[in-house]
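*Asks:*
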Amino acid sequence: MTSLRARAVTGGILWAVAIIVLGLAGLSSYLSSQTQARFIEVLETRHSQAVVAVSNNSEAASDLVRAIGDLVYQVPDSGQYWQVESAEGAIYASPSLGEERLPRPAGRSEERQRREIAGPNGEPVFAIGQWVTVPDGSTWHVQVASSLRSFEQEQVVLRNTLLTAFAFVSFASVLAALMQVAVVLRPLNQLRQDVSGRWEQEDGMEVGSYPIEVAPLVNDINTLMERNRDIMRRSRRQAADLAHAIKTPSAIMRNELDTLMGQGADVQEARDALDRLDAQLKRSFARMRADGTDATLAVATELDIALGRMQRAFAAIAGNEGKTFNAVYTEGLRVRMEQSDFEEVVGNLLDNAVKWAASEVRLEAGQTPDGQIMITITDDGPGIPKEELEKATQSGQRLDTSKPGTGLGLAIAHDLIHAYGGKIILSKDEALGGLAVHMRLPFASAKRAD
Amino acid sequence: MRILIAEDEPVLASQLKKTLTSEGLTVDVAIDGAEAQYLGETEPYDVIILDLGLPIRDGLTVLKNLRSGGNDTSILILTARNDWTDRVDGLDAGADDYLTKPFHMAELSARVRALIRRKAGKATPVFSRNEVTYDTRTNQVMVDGVPTNLTSQEIAVLSYLFHNSGRLVSRTELSDHIYQHDGDRDSNTIAVFVNRLRKKLGSDLIETVRGRGYVIKATA
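Heads up: the protein sequence lines correspond to chains A and B, in order.
Under numbering that gives the first Met the number 0, the first residue of the first sequence carries the number 0, and numbering increases by one thereafter.
Under numbering that gives the first Met the number 0, the first residue of the second sequence carries the number 0, and numbering increases by one thereafter.
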C-alpha cells in the first residue's frame, strides 16, 4: 500500500473497530450481569415479601392472595407468580398462575433454591423457593417466579441500544480519522503543489513555511531541483563542447578531400559519408538540445531584445546577398522559451528564408486573442509545394539539394518548438508568394521580480 | 588583397592559407586571440577570417575590441558551435558574415571574395575597364576576350587596383596589401609589376601619378 492517506485511514478504522468490538463486548457483558443481578434481587425481595405474608397469615392461608397483594400477581400470565405449599400438600397460588402450578423441588431445604424451570404454558421462568417454618410451628414451601422472557427482552433492548450508540461512535471516529488525516496531510499536499509550481521558478521553496517534520524533505527537494537544473545546464554545455571538438577535425577532413578531388582522386563517396556524418551530428545535437529542454522551467525571452538582435544580424546577412529583411513586432512581448532556444528556432528559419528568398524576407510577431505569441516568417522565394509541406519539418529532408545546407533547419525548429509546447505550421504566403512559417509559442506572463 | 586568418587549429589554418594563397590572396595567420587582435590593429587587412573559439582571447572579444577601436575591416566569423546565439552575437558585434564549421572551402572563398567586392562597392564579380576584364572568381584576366597569363603578384596588384578603382593607391599601400606581414617588401618591385601589367594589358589601363602612386579610373 503506497497511499499515506489510505494507510492512515485504514489504520484509524482498524483501531476504531478493535476498540469498539472490545468495548462493546466488555460493556455489554458488564451491563448484562448487572441486569441479571437486579432481576434476581427484585425476585428475592418478592420472595421475602411472600415469606412475611405467609408468616402473618399461616392461620388463614386462604387470605394469602390478599396479603401478597401486588397487582402484578392478579393479572393472568403476567409473568410474576407466587406459590405457597403447606407441609400437608395444600397449595395456594397467585391468580396469575391460573390453573397452572409451579413444580416444587425435591427435598425440604430451608435454603433459598434458585433455578430455571418451565412455568405456565411451558414459559421459562426463574424461580426462588424455600421451606420456612413460621412462628406457629407450621412449615411452608414459599416459591416466587418471574418470567425470563421480560429479562431476555430487556437484554435485547440493552444490546440494541448499545449497538446503536457504538455505531454512532464508529461513524464519528471514522469521520474524525478522515479529518485528522486531511489536516495532517495538508502540508504534504501543499508541498506537492509547491513543487509542481516551483519548477517554474528559479528560487527554491520557503523551508520555514512547512511543519518541522516536512521541512527536511523540502530542503532535500530544493537541493534536488537545483541539482537537476545544474545537470541540465552541464549536459547542454558538454554537448556544445563535443560538437565544437568534432567540427574542426571534420572541416580539416573535408578540405583534404577537396584537395584530393582537385588532384583527380575519386573521393565522392568519402565526401558523401562526411556529409552524412556532419548532418547526423548536427541532428543529434539538436535533438539533445530539444530533449534537454525543460519546458516547465519559468524561462522567458523578451522579444524586444531577441528580435532586435535577429533584426540587426539578419539585415546584415540578407544585405550580403543583396536581399532585404524586415521585422515588425509588437513591443513588450515575452515568450516562455529560453533565449538561446528562441534564437536557434528563429535563426534557422530566417537562414532558410534568406537562402531561398528572391529579394525579400519579412518577420511579423504579435499576440493572438487567446494570449499566445504568433510569429510569422515569409519570403518571396519558390516556396514548398503543397504536398511536400508535411515532409518539410521531418528529419533531414532536403527538398532541394541545389543550395548548400543539411535540410535540418526546419526540423530543428520543429523539435524545439514542440519541446516548449508550441506549434509550427507551413503554408504558402499569399502576399510574397513564397513559404510562410507560422509559429505559435507560449506567452510568458508576469515579469519575474528580480 | 591581404587576409588575416585567426584560427588556432594549425592544420585547418594551413589548409585555409593554402587555398586562399592559391587564389592570389596574401595570407597571414594568427593562432590566438591576442595575436589576431594585434595584427588586426596594426596591419591593413582587406578581410579578417576570425574563429570564435580562439585561445587566450576569444574571437567575440577580439571582434568587439577591433570594432570599438574604429577598425572597419570586413570580418567573417567562423564558429564550430551550432548555436545561432553565437552567430547572432558575432553579427551583432559587427561581423560582416559568418560560416559554421564544417564548411566547404569553395564557400569560404566565395564569401571572402564577396566581402572584398562589397567593400569596393561592386555588385558583380567581374571588373572590366577598356578592353580588359578581370573575373574575381577565377582570377582570369582577358584582353579583348583573349585570356592572358599573369603571375600571382601581377594578379594581386591588378586585383587591388581594380577593387579600389577611381582611387589613387600609393606604392606603400599596394605593398601593404600584397605582401605578407613578415615577407620581404620592396616598393620598387611594385613598379616592376605595374610595368609588366602595362605590357600585357595595354598602357592606358593603369595610370601613374608621379611620386604618388597608381590608379585605375572608375568605369563611367
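We put the beta carbon where it would ideally sit given N, CA and C, even for glycine.
Which chain B residues are close to HIS417(A), counting only those with a beta carbon under 9 Å from its beta carbon?
*Replies:* Sequence index remark: in the first sequence, residue 417(A) carries index 418 (1-based). Within chain B, no residue comes near HIS417(A); the closest Cβ sits about 18 Å away, beyond 9 Å.
*Asks:* Return the chain-ordered ranges of every alpha helix (DSSP H) run that is complete within the segment 289-358 of chain A and spans a minimum of 4 residues.
*Replies:* The segment 289-358 of chain A contains these whole alpha helix (DSSP H) runs: 302-319 and 338-355.
*Asks:* Answer yes or no: do LEU161(A) and LEU26(A) have a C-beta to C-beta separation smaller than 8 Å?
*Replies:* Mapped onto the first sequence, residue 161(A) falls at position 162. Mapped onto the first sequence, residue 26(A) falls at position 27. Contact: yes.
*Asks:* Indicate whether at least one CB of chain A lies closer than 8 Å to the CB of MET0(B).
*Replies:* One-based indexing of the second sequence puts residue 0(B) at position 1. Answer no: the Cβ-Cβ gap between MET0(B) and chain A never drops below 8 Å.
*Asks:* Since I believe GLY365(A) is in contact with THR329(A) (beta carbons under 8 Å), could you give me their beta-carbon distance rounded to a whole number of angstroms?
*Replies:* For this step, residue 329(A) is matched to residue 330 along the first sequence. For this step, residue 365(A) is matched to residue 366 along the first sequence. That belief holds up - the Cβ atoms of THR329(A) and GLY365(A) are roughly 5 Å apart, short of 8 Å.
*Asks:* Is there a C-beta anywhere in chain B that falls below 8 Å from the one on ALA465(A)?
*Replies:* The structure shown has nothing for residue 465(A), since chain A only spans 0 to 449.
*Asks:* Would you kindly work out how many angstroms separate the C-alpha atoms of HIS103(B) and ASN188(A), rounded to a whole number?
*Replies:* Sequence index remark: in the second sequence, residue 103(B) carries index 104 (1-based). Sequence index remark: in the first sequence, residue 188(A) carries index 189 (1-based). If you take the alpha carbons of HIS103(B) and ASN188(A), they lie about 59 Å apart.
*Asks:* Between SER172(A) and the rest of its own chain, which residues show a CB-CB distance below 7 Å, the 5 nearest in sequence each way excluded?
*Replies:* In the first sequence, counting from the first residue as 1, residue 172(A) sits at position 173. Result list for SER172(A): ALA15, in chain order.
*Asks:* Considering only residues of the segment 116-193 of chain B, which uninterrupted beta strand (DSSP E) runs meet the minimum length of 3 residues and lie entirely inside it, listed in chain order?
*Replies:* The segment 116-193 of chain B contains these whole beta strand (DSSP E) runs: 125-128, 131-134, 139-142 and 145-147.
*Asks:* Tell me, please, which residues DSSP counts as bridged to THR132(A).
*Replies:* Looking up residue 132(A) in the first sequence gives position 133. DSSP, once it has assigned bridges, lists THR138(A) as partnering THR132(A).
*Asks:* What does a CB cutoff of less than 8 Å around ILE115(B) pick up in its chain, not counting 5 residues either side in sequence?
*Replies:* Position 116 of the second sequence, counting from 1, holds the residue named residue 115(B). Excluding residues within five positions, the ones whose Cβ falls inside 8 Å are MET0, ASP45, VAL46, SER73, THR135 and HIS162.
*Asks:* For GLU186(A), which residues of its own chain have a beta-carbon under 6 Å away from its beta-carbon, when the five flanking residues on both sides are left out?
*Replies:* The residue you call residue 186(A) lines up with position 187 of the first sequence. With the sequence shown as reference, residue 186(A) is identified as Pro, and Glu is not the correct amino acid for it. Within the same chain, PRO186(A) has close Cβ partners TYR209, PRO210 and VAL213.
*Asks:* Go through its chain and collect everything with a Cβ distance to ALA448(A)'s Cβ below 7 Å, but skip five positions before and after it.
*Replies:* Sequence index remark: in the first sequence, residue 448(A) carries index 449 (1-based). Caution applies to ALA448(A), whose pLDDT of 39 falls short of 50 and renders its modelled position unreliable; the value that the coordinates give is listed next. Contacts found: none.
*Asks:* Measuring only between beta-carbons, confirm whether LYS246(A) sits less than 8 Å from chain B.
*Replies:* Locating residue 246(A) in the first sequence gives position 247, where the first residue counts as 1. It does; some Cβ of chain B falls within 8 Å.
*Asks:* Would you call the segment 45-60 of chain A and the segment 125-141 of chain A touching, i.e. three or more CB-CB distances under 8 Å?
*Replies:* The answer is yes - the segment 125-141 of chain A touches the segment 45-60 of chain A, with three or more Cβ pairs under 8 Å.
*Asks:* In this structure, does DSSP put ILE116(A) in helix, strand or coil?
*Replies:* Here residue 116(A) refers to the residue found at position 117 of the first sequence. Reduced to three states, the DSSP call for ILE116(A) is strand.
*Asks:* Excluding the 5 residues flanking ALA86(A) on each side, which residues of the same chain have their C-beta closer than 6 Å to its C-beta?
*Replies:* Working through the first sequence from its first residue, we reach residue 86(A) at position 87. The residues are THR138.
*Asks:* Which value, in whole angstroms, describes the spacing of the CA atoms of ARG308(A) and LEU90(B)?
*Replies:* As a working note, residue 308(A) is residue 309 in the first sequence. As a working note, residue 90(B) is residue 91 in the second sequence. Distance between the alpha carbons of ARG308(A) and LEU90(B): 9 Å.
*Asks:* Could you tell me whether the Cβ of GLU389(A) comes closer than 8 Å to any Cβ of chain B?
*Replies:* Counting from 1 along the first sequence, the entry for residue 389(A) is found at position 390. So no, GLU389(A) is outside the interface.
*Asks:* Work out the CA separation of LEU388(A) and LEU221(B) for me, nearest whole Å.
*Replies:* What is shown of chain B runs 0 to 219, which leaves residue 221(B) out entirely.
*Asks:* Could you spell out the range, first to last residue, of the alpha helix (DSSP H) harbouring ALA59(A)?
*Replies:* Here residue 59(A) is taken as the residue at index 60 of the first sequence, counted from 1. Neither: ALA59(A) is in no alpha helix (DSSP H) and is coded neither H nor E.
*Asks:* What does the alpha-carbon distance come out to for the pair ILE230(A) and ARG236(A)?
*Replies:* For the purposes of this step, residue 230(A) is identified with residue 231 of the first sequence, where counting begins at 1. For the purposes of this step, residue 236(A) is identified with residue 237 of the first sequence, where counting begins at 1. In a straight line, the C-alpha of ILE230(A) is about 10 Å away from that of ARG236(A).
*Asks:* Going straight from the alpha carbon of ILE55(B) to that of ARG112(B), what length do you get?
*Replies:* Walking along the second sequence from the start, residue 55(B) turns up at place 56. Walking along the second sequence from the start, residue 112(B) turns up at place 113. Taking the straight line joining both Cα atoms gives about 29 Å.
*Asks:* Just list the alpha helix (DSSP H) runs in the segment 37-92 of chain A, keeping only unbroken ones of 4 residues or longer that don't cross its boundaries, in chain order.
*Replies:* The segment 37-92 of chain A contains these whole alpha helix (DSSP H) runs: 63-66.
*Asks:* Using a C-beta to C-beta distance shorter than 9 Å, which residues of chain B count as neighbours of ALA352(A)?
*Replies:* Locating residue 352(A) in the first sequence gives position 353, counting from the first residue. Simply none; closest approach about 13 Å.
*Asks:* Could you list which residues in chain B have their beta carbon closer than 8 Å to that of ARG253(A), in chain order?
*Replies:* Counted from its first residue, the first sequence places residue 253(A) at position 254. In chain order: PRO101, PHE102, HIS103 and MET104.
*Asks:* Would PHE454(A) and VAL344(A) be called neighbours here (beta carbons separated by less than 8 Å)?
*Replies:* The requested residue 454(A) does not occur in the structure, where chain A is confined to residues 0 to 449.
*Asks:* Spatial neighbours of GLU359(A) within its chain, please: C-beta separation below 6 Å, excluding the five flanking residues on both sides.
*Replies:* Translated into positions along the first sequence, residue 359(A) becomes position 360. Only THR323 and ASP379 meet the Cβ criterion.
*Asks:* On the DSSP bridge list, what partners appear for ASP365(A)?
*Replies:* Start at 1 with the first residue of the first sequence, and residue 365(A) comes out as number 366. Reading the sequence as shown, one finds Gly at residue 365(A) and not Asp. Answer is MET373(A), bridged to GLY365(A).
*Asks:* Scan the segment 134-153 of chain B for residues whose Cβ lies nearer than 7 Å to a Cβ of chain A and list them as they occur along the chain.
*Replies:* Correct list: empty, as no residue qualifies.
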